[in-house]
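To start, the structure itself, in structure tokens.
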Amino acid sequence: MKRILDWVDERLGAGPIWKALFARHVPEASGPAAWFYTLGSASLFVFTIQVVTGILLAMNYVPSADHAHDSVQFIETQVVLGRFIRGLHHWGATFMVVLVLLHMLRVFFMGAYKYPREVTWLVGVGIFLLVMGFSFTGYLLPWDQKAYWATAVGTNIARQVPAAGEAIGLVLKGSEELGMATLARFYAMHVLLLPALTAGLLAAHLFLVVWHGISEPPSRSGGPPP
Amino acid sequence: MRTPIVDPERRPGLSRRAFLTGAIAAVGGLIGAVLGGGGLGYVLSPLFRRHGEEWVDIGRADEVSPGAPIKVDFTVRKRDAWTTVERRASAWVLTADGKQFIVYDPRCTHLGCPYRWDRDLGRFLCPCHTAVFGVDGRVVMGPAPRPLDRFPVKIVGGRIMIRPEPVKSERS
Ligand code: HEM
Ligand code: FES
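Line by line, the protein sequences are chains A and B.
Each residue of the first sequence is one higher than the one before, counting from 24 in this note's numbering.
Each residue of the second sequence is one higher than the one before, counting from 1374 in this note's numbering.
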């Protein structure tokens, strides 16, 4: 094993990259504060789970008004481990929002968004909005009563925007009535558009995190922590 | 606040770093196994599904008079994942004694044309390339390579039930 790794490393010279990514210095925090630093990685982990389980679900899901619900029932009752995989995606979606919010709060309360990490923060805000997008578009896909009416409410809220409201509602729903067209475009956003955008922003986010290094926990004295 | 850095010389045995590396590998491996194993089962799911057609009721047994094959039409409902597809199909049903029934696939074993029953000749005739089959399904004449294929059949409560998957007959 070691020999194989050495062989690869001799050709790729990936050692420094590995070092920069995984053997880099991180703040020496301890106690609860140290745990707060794990929230970003935890978000990344759950995001990976969402990608994997999402791909699996897409193998049996059909985004059409007359099949969506039945195909979800099919996953639940006929597909081996279908309930488990769907359950992971369902709870992962919920947990993702919680983790990303907590991560954001830790960055905020530790002042980690300050100079020179403002861009990391701004990219993070973009990622947060994308996560909201995932939640909103994903919620419609089971095409049951809850999904339908939640999206009806959601799109109606968007329609309250002065002047442009009607247009926004139309573009969101794809037609006057919430139906086939809505489901198709929500699905496209959920599995194509948003993942692509998120992958881009995540790459930028993680690059910046490594580039700047992770900030020390704030201290009262202003100097380096005791 | 800061915990003292562990002196590498201080304690023999498992270092903190080695312990954490091992723990991460173990937990990561476990998660990978659950996710990978689960995903594999999910993807391979079709392998575990029940295959085969259900029995189809194609009509009353006492409507077939002995010695006179009749063509019956019926509907096959087949599950296709979460949908049910309906397909019209037909079959030739005959009986010699009203007890034992034979049900033939209505497609000629040559190239699949629908053949017909000729009452005067007492034979099945195919219009496409003039294959001729006997009542017993055997090839009497023509290019057909094997006797007529049959559907598995059973009589339940006076109804004729078949499984709409023809059993290929042996070459003769
Ligand atoms: C899918 C969502 C996200 C992922 C996977 C993610 C991932 C990460 C990771 C792994 C780190 C390393 C440090 C740590 O974990 O605390 C980090 C740092 C950071 N994140 Fe995120 N993040 C996400 C969302 C956000 C959001 C919504 C914001 C704020 C709007 C944000 C702002 C930041 C900032 C400013 C840092 C630098 C913190 C420091 O250097 O101490 N991130 N992120
Ligand atoms: S198809 Fe029946 S004889 Fe050719």
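By construction, the Cβ of each residue, glycine as well, lies at the ideal position given by its N, Cα and C atoms.
As the structure is a prediction and not an experimental result, all values here were calculated from the model.
{"Query": "Cβ-based contacts, 8 Å cut-off: residues of the region 1450 to 1464 of chain B near chain A", "Result": "A1454, W1455, T1456"}
{"Query": "C-beta contact flag for A:F209 and A:P55 at 9 Å", "Result": "no"}
{"Query": "Alpha-carbon to alpha-carbon, A:G38 and A:P218", "Result": "30 Å"}
{"Query": "Sub-9 Å separation of B:V1449 and B:I1533 beta-carbons", "Result": "no"}
{"Query": "Members of the region 1399 to 1417 of chain B near chain A, C-beta cut-off 8 Å", "Result": "L1408, G1411, G1412, G1414, Y1415, V1416, L1417"}
{"Query": "Under 8 Å by beta carbon: chain B residues contacting A:H90", "Result": "W1455, T1456"}
{"Query": "Cβ-based burial, A:S242 [other Cβ within 10 Å; buried from 16]", "Result": "exposed"}
{"Query": "Sequence-distant residues of the same chain with beta carbon closer than 6 Å to A:P249, five excluded per side", "Result": "Reliability of the predicted coordinates at A:P249 is poor, the pLDDT of 48 falling under 50, and the value obtained from them is presented with this limitation in mind. None."}
{"Query": "Euclidean distance between Cα positions of B:F1447 and B:C1486", "Result": "18 Å"}
{"Query": "Cβ contact check for the region 102 to 117 of chain A and the region 1413 to 1423 of chain B: 3 or more pairs under 8 Å", "Result": "yes"}
{"Query": "Spatially closest choice to A:I108 from A:K169, A:F132, A:I78, A:G188, by CA coordinates", "Result": "A:I78"}
{"Query": "DSSP-derived helix/strand/coil call for A:V232", "Result": "helix"}
{"Query": "Pick from A:M127, A:A88, A:M119 that is closest to A:A72, judged by C-alpha positions", "Result": "This sequence places Ile at residue 72 of chain A; Ala is not what is there. Comparing Cα positions, the closest option is A:M119."}
{"Query": "Contacting positions in the region 32 to 66 of chain A - beta carbon closer than 8 Å to chain B", "Result": "E51, S53, G54"}
{"Query": "beta-carbon B:L1484 near the ligand FES non-hydrogen atom, thresh 8 Å", "Result": "yes"}
{"Query": "Bounding residues of the beta strand (DSSP E) (the contiguous stretch that carries B:F1474)", "Result": "1474 to 1477"}
{"Query": "Through-space distance from A:E200 to A:A211, alpha-carbon basis", "Result": "18 Å"}
{"Query": "Candidates B:A1441, B:R1452, B:V1466: closest to B:V1526 by CA position", "Result": "B:V1466"}
{"Query": "Touching by the beta-carbon criterion (3+ pairs, under 8 Å), the region 141 to 152 of chain A and the region 223 to 242 of chain A", "Result": "yes"}
{"Query": "Neighbouring residues, chain A, relative to B:F1392 (Cβ below 9 Å)", "Result": "Here the premise fails: no neighbours, minimum Cβ distance about 16 Å."}
{"Query": "Segment limits, alpha helix (DSSP H) that includes A:A52", "Result": "First-last for A:A52: undefined, no H or E at that position."}
{"Query": "Residue(s) in a DSSP beta bridge with B:F1506", "Result": "B:F1497, B:V1512"}
{"Query": "Inter-residue Cα distance where the pair is A:W114 and A:V75", "Result": "14 Å"}
{"Query": "Pairwise C-alpha distance: B:P1518 and A:L216", "Result": "56 Å"}
{"Query": "Candidates A:H213, A:L225, A:I237, A:A222: closest to A:A116 by CA position", "Result": "A:H213"}
{"Query": "B:P1516 beta carbon near the ligand FES (any heavy atom closer than 8 Å)", "Result": "yes"}
{"Query": "Any chain A beta carbon closer than 9 Å to B:R1422", "Result": "yes"}
{"Query": "B:M1550 vs B:V1508 beta-carbon contact at 9 Å", "Result": "There is no way to answer for residue 1550 of chain B, as the model of chain B reaches only from 1374 to 1545."}
{"Query": "Assumed close pair A:V154, A:V123 - CB separation to whole angstroms, cut-off 8 Å", "Result": "5 Å"}
{"Query": "Proximity test, B:A1454 beta-carbon vs the ligand FES heavy atom, cut-off 8 Å", "Result": "no"}
{"Query": "Helix, strand or coil at A:P249 according to DSSP, with G and I counted as helix", "Result": "Because the pLDDT of A:P249 is 48, which lies under 50, any placement of that residue in the model is unreliable, and the question is left without a value."}
{"Query": "beta-carbon B:Y1488 near the ligand FES non-hydrogen atom, thresh 8 Å", "Result": "yes"}
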